């Protein structure tokens, strides 16, 4: 055992893991102590503090627009410091204005927000400091993600301990009432964020930031619904119960979800280390090494989450007595039910970074959205039919069970794909070509010719997918199932869509692999004789698809100028000629994991 520990200390990954676990442990102790200090102030203050912290966790991802994961991922993939700093500065162009706006909303609409969050307008004095906490923790999150992407783990772990442990506890020890505690916590987080970001502002960072901003938004925006769904999973039950059973009952549910967060904190170091490490291994083509890492992390997560669940269910009374003191008994039943979700939630937290690194699409967001739909359905039943508070807790557990299963399913697929890439000697590119026409129509002859040229010149494996109907939602849904089945069976490296509009948006929303769009003309420059509504929607679909695609090809310079964004990234390649075919093939390969 000693030799194993010494071996970990000699490797960078080992030191990273140990430092991150130590910081997470201290942050967890700080969180436990903060809630204990709140409990010492009485049941009412504890319930209010639980709702405040749950609301902070729910809202701040909206201000970030997915930037935390994006910054860590993209910064880890860059080696030059000025390139890394551009990603940070690009993210601040929207995070800072949104933080200011959130604080102003809290100041102006305190009474209305108090009713929404706490179930009563009596707590209006807590809304402004709550808004400051949301804004400040967003800026802290940006600085923390940037430091982790740079692998400056000592600094990252230091500000984590200060923000999540020292500041909340010191606020309770220094100030007499909850309102002042919340103000002090928000100010403390803001000061930490400013000092963490200051070195970046003091260093010269030449060049524009529009490209980095576009990359971060394209990566992050599709993940915002998932971030919201994650916050909502652990917060909406609190609001629902506040409406049906009052603040005390909502505090019990909120405390149960706080225990889930504490359990998840055990696995956060895995996610924090796995994201930059996975991104680096994918970029370098180390598929076998990443697969081995995933296997170890998966079994470690399962074993740890199972053990935690068993220990808590058996010893909930003494644990909560130690945690909350004399007020513990009111929280035992609800906490036992909610903590059954610790196993699937721990699996999600421990492995979600892998899915963020591997998938171009927001896989975690999709899984979270489905889990949230389950929660909403159960909450609606709770509103319509009189049910006890525990019903909402059981619905939450069911939602988390689905989330854990979906994460395990996707991780298993990723590992199978990594093993295939590591074992195969076949370097041929696998391409799915999407054609918006029936197979018998003979439309898009140049697209068929180009795909055949890829096979003849490079031995590429090409499969055609014909999207036959672009106007029927029912038919598109059926085609989506057919398309995803093709992705699962063929396991392509890239999807190449010929034509924008519905076809391109369909591919971007449905594909789990990179999508490259070739715009051919009327998809961006829509003719007026097809109707105003169809013209407007066609252009809009093309622009949205271009924003989220992995690559863009335009057949003329004039088409490139019609794009709203990413014009500097466009490849202008006519859909004819051997030289253009070669350039198109090289571009397709460049967006894949093929090295």
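Numbering (this note's numbering), first residue to last: -8 to 586.
Every residue gets a Cβ at the ideal spot worked out from N, C-alpha and C, and that includes glycine.
Source: prediction; values computed, not measured.
TODO: Could you name the residues that DSSP lists as bridge partners for residue 424?
DONE: 455 and 487
Task: Whether residue 354 touches residue 401 by CB criterion (8 Å) - done: yes
Task: N-terminal and C-terminal residue of the beta strand (DSSP E) that residue 217 is part of - done: Careful: residue 217 lies outside any beta strand (DSSP E), inside the alpha helix (DSSP H) at 215 to 236.
Task: Neighbourhood of residue 450 by C-beta distance below 7 Å, restricted to the same chain and skipping five residues each side - done: 419
TODO: Would you tell me roughly how many angstroms separate the C-alpha atoms of residue 399 and residue 289, rounded to the nearest one?
DONE: 8 Å
TODO: Label residue -8 either buried or exposed according to how many other C-beta atoms from any shown protein chain fall within 10 Å of its C-beta, with 16 as the threshold for buried.
DONE: Because residue -8 carries a pLDDT of 46, less than 50, the predicted location of this residue cannot be relied on, and the following value inherits that uncertainty. It is exposed - the Cβ of residue -8 has fewer than 16 other Cβ atoms within 10 Å.
Open item on the list: Measuring alpha carbon to alpha carbon, tell me which residue in 438, 283 and 330 is nearest residue 297.
Closed with: 330
Task: Exposed unless 16 or more other CB atoms sit within 10 angstroms - verdict on residue 316 - done: exposed
- [ ] Measure from the alpha carbon of residue 255 to the alpha carbon of each residue in 22, 559, 514 and 384, then state which is nearest.
- [x] 22
TODO: Return the bridge partner residues of residue 506 from the DSSP annotation.
DONE: 486
Task: Simplified DSSP state of residue 574, which is helix, strand or coil - done: helix
- [ ] Apply the 10 Å Cβ neighbour rule to residue 286 and answer buried if 16 or more other Cβ atoms are within range, or exposed otherwise.
- [x] exposed
- [ ] Drop a sphere of 10 angstroms on the beta-carbon of residue 151, count the other beta-carbons inside from all chains shown, and report buried for 16 or more, exposed for fewer.
- [x] buried
Open item on the list: If you follow the beta strand (DSSP E) that residue 211 is in, where does it begin and where does it stop?
Closed with: Run containing residue 211: none in the beta strand (DSSP E); it sits in the alpha helix (DSSP H), 201 to 211.
- [ ] Assign residue 194 to one of two classes, buried (16 or more other C-beta atoms within 10 Å of its C-beta) or exposed (fewer than that).
- [x] exposed
Open item on the list: Please state the DSSP three-state secondary structure of residue 563.
Closed with: strand
- [ ] List the whole-angstrom C-beta distance separating residue 216 from residue 395, where the pair is believed to meet the contact cut-off of C-beta under 8 Å.
- [x] The pair is not a contact, with the Cβ atoms about 19 Å apart (cut-off 8 Å).
Open item on the list: In this structure, how does DSSP classify residue 543 when only helix, strand and coil are distinguished?
Closed with: strand
- [ ] Write down the C-beta distance between residue 279 and residue 101 rounded to the nearest angstrom, noting that I regard them as a contact closer than 8 Å.
- [x] In fact, because the Cβ distance is near 56 Å, the residues do not count as touching under 8 Å.
- [ ] Note down, in chain order, each residue of its chain lying with its Cβ closer than 6 Å to the Cβ of residue 509, except the 5 sequence neighbours on either side.
- [x] 489 and 544
- [ ] Mind reading off the beta-carbon distance from residue 359 to residue 220? Whole number of angstroms is fine, and I expect it under 8 Å.
- [x] 4 Å
Open item on the list: Could you tell me the alpha carbon to alpha carbon distance between residue 424 and residue 411, rounded to whole angstroms?
Closed with: 22 Å
- [ ] Hey, could you find the ends of the alpha helix (DSSP H) residue 319 is sitting in?
- [x] Residue 319 -> no alpha helix (DSSP H), and no H or E assigned at all.
- [ ] In angstroms with no decimal places, state the Cα-to-Cα distance between residue 86 and residue 146.
- [x] 22 Å
Task: Between the CA atoms of residue 421 and residue 583 - distance to the nearest angstrom - done: 10 Å
TODO: Give the straight-line distance between the Cα atoms of residue -1 and residue 341, rounded to the nearest whole angstrom.
DONE: At residue -1, the pLDDT of 48 sits below 50, so the modelled position is not reliable; the number obtained from the coordinates is stated separately. Rounded to the nearest angstrom, the two C-alpha atoms are 20 Å apart.
Task: Within the stretch 99 to 123, ranges of the alpha helix (DSSP H) (whole runs, at least 4 residues) - done: 101 to 109
- [ ] For residue 223, I'd like the list of residues in its chain whose CB is within less than 8 Å of its CB, leaving aside the five on either flank, ordered along the chain.
- [x] 49, 363 and 366
Task: Own chain partners of residue 381 with C-beta closer than 8 Å, once the 5 adjacent residues on each side are dropped - done: 324, 325 and 328
Task: Beta-carbon spacing of residue 97, residue 80 below 8 Å - done: no
- [ ] For residue 506, I'd like the list of residues in its chain whose CB is within less than 7 Å of its CB, leaving aside the five on either flank, ordered along the chain.
- [x] 486, 488, 498, 499, 540 and 541
- [ ] Go through its chain and collect everything with a Cβ distance to residue 384's Cβ below 8 Å, but skip five positions before and after it.
- [x] 228, 244, 247, 325, 328 and 329
- [ ] Can you give me the Cβ contacts of residue 61 inside the same chain, cut-off strictly under 6 Å, excluding the 5 residues immediately before and after it?
- [x] 207, 210 and 211
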